[in-house]
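Sequence order for the protein chains is A and B.
So the first sequence is numbered by the numbering used here: it starts at 13 and just counts up by one.
So the second sequence is numbered by the numbering used here: it starts at 13 and just counts up by one.
C-beta atoms are modelled at their ideal positions from N, C-alpha and C, and glycine is treated no differently.
Every value quoted in this text rests on a predicted model; they were computed, and no experiment measured them.
Protein chains: 2
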Amino acid sequence: MKMKQALLTLTATAGLLAALPAAAQFQKPEDAVKYRKAAFTVMATHFSRIGAMAQGRASFDGAAAAANAEIVADLAKLPFAGFVEGTSGTEKGSPKANVWSERAKFDAGAKKMQDEVAKLAVAAKANNLDQLKAAFGSAAQTCKACHDDFRNP
Amino acid sequence: MKMKQALLTLTATAGLLAALPAAAQFQKPEDAVKYRKAAFTVMATHFSRIGAMAQGRASFDGAAAAANAEIVADLAKLPFAGFVEGTSGTEKGSPKANVWSERAKFDAGAKKMQDEVAKLAVAAKANNLDQLKAAFGSAAQTCKACHDDFRNP
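Okay, here's the thing in structure tokens:
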């Protein structure tokens, strides 16, 4: 019993410590919300430029695709620190409360997206439209999966 | 030598991105405004975390300083593409019309800031608070210089 309790305490403490840096990074919850929205805005801008090439709305430019994909991969690491407790909403585009009640699933979705955009950044360097299309499609699916589950429509 | 090479790489990358046709990248002027504000928001968030350490409001953490400085250096390349024609304003924080009438001066200020935050990213890797303070101060001056000249107070 004592060991179980010690483990629970350790786990709780570890969880607390892991949670602390992210929340402590922002003075106010509104700052965290503004930050995560901003990071998504920058990321989406560059991701959509790759999408335009992948979907034939813009002519393929390998160097531009690679530059955009690198920015997306860098930015993809940032917004999730902004999902601090107490910042769910009900309006269109805001995160639903299950971001926090299902945080492990949410974090796994974020990780999957980060992995896919990292692959996209590698694929984009190949200067090959078919490879870009495939990698863009996989990355876009990870966006949609999370939005379907966690974002107010 | 390594530091010099890192700086050269950072500068070269910034140059490449700056060469992309700015206006063609945004569908509407409002998109450009939203984008540049977002890029500045993300950049300022991470820059201010370094400032907190440099100014003694937060305890010095070399690894955190380096991570934040790298994000600042990456983000610093982005917002200027969003200063497309016809997006000046008069309200607090918006760009004055001289951004466009004195564009060469504006661009030189942007370049100076990018250079200083690239140096900050290198300095932050030294894990030395005095070096961080000096590099932060130089970078912060480039922010202020441009804001004084081109931003509505």
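Would you mind reading off the limits of the alpha helix (DSSP H) that contains residue i?
i, result
"Glu128(B)", "Arg115 to Ala136"
"Ala79(A)", "Gly74 to Leu87"
"Lys46(B)", "Pro41 to Ala66"
In the DSSP assignment, what are the bridge partners of residue i?
i, result
"Arg163(B)", "Pro107(B)"
If distances are taken between C-alpha atoms only, which option among the options comes closest to residue i?
i, options, result
"Thr57(A)", "Phe148(B), Ala93(B) and Ala146(B)", "Ala93(B)"
"Pro41(B)", "Ala109(B), Lys145(B), Met55(B) and Phe95(B)", "Phe95(B)"
"Lys46(A)", "Gly68(A), Gln67(A), Met65(A) and Pro107(A)", "Pro107(A)"
"Ala78(A)", "Arg61(A), Gly98(A), Thr99(A) and Glu103(A)", "Arg61(A)"
"Gly68(A)", "Glu97(A), Leu144(A) and Pro165(A)", "Leu144(A)"
"Pro165(A)", "Met125(A), Phe59(A), Thr102(A) and Ala116(A)", "Thr102(A)"
Going by beta carbon distance, what residues of the same chain come within less than 6 Å of residue i, once the five residues before and after it are set aside?
i, result
"Pro91(B)", "Arg48, Ala51 and Phe52"
"Gly149(A)", "none"
"Ala151(A)", "Glu128, Val129 and Leu132"
"Gly105(B)", "none"
"Glu114(A)", "none"
"Gly98(B)", "Pro41"
"Phe59(A)", "Val84"
"Ala70(B)", "Ala64"
Check the Cβ of residue i against every Cβ in chain C and list those closer than 9 Å, keeping chain order.
i, result
"Gln37(B)", "Among the chains of the structure shown, chain C does not appear; the protein chains present are A and B."
Apart from the five residues on each side of it in sequence, which residues of its chain come closer than 8 Å, Cβ to Cβ, to residue i?
i, result
"Gly121(B)", "Thr154, Ala157, Cys158, Asp161 and Phe162"
"Met125(B)", "Ala88, Ala151, Thr154, Cys155 and Cys158"
In its own chain, which residues sit with a C-beta less than 7 Å from the C-beta of residue i, not counting the 5 before and 5 after it?
i, result
"Phe118(A)", "Val111 and Phe162"
"Lys123(B)", "none"
"Ala34(B)", "In this prediction, Ala34(B) has a pLDDT of 48, which is less than 50 and means its spatial position is unreliable; what the coordinates show is noted afterwards. Here the set comprises Ala93 and Val96."
At a threshold of 6 Å, does residue i count as lining the ligand GDP (C-beta to nearest heavy atom)?
i, result
"Gly68(B)", "Among the components of this structure there are no ligands whatsoever, and the ligand GDP is therefore not found."
Would a C-beta distance cut-off of 7 Å place residue i and residue j closer than the cut-off?
i, j, result
"Asn139(B)", "Gly74(B)", "yes"
"Ala136(B)", "Ala81(B)", "yes"
"Phe38(B)", "Leu141(B)", "no"
"Val84(B)", "Met55(B)", "yes"
"Asp86(B)", "Asp43(A)", "no"
"Ala109(A)", "Ser100(A)", "yes"
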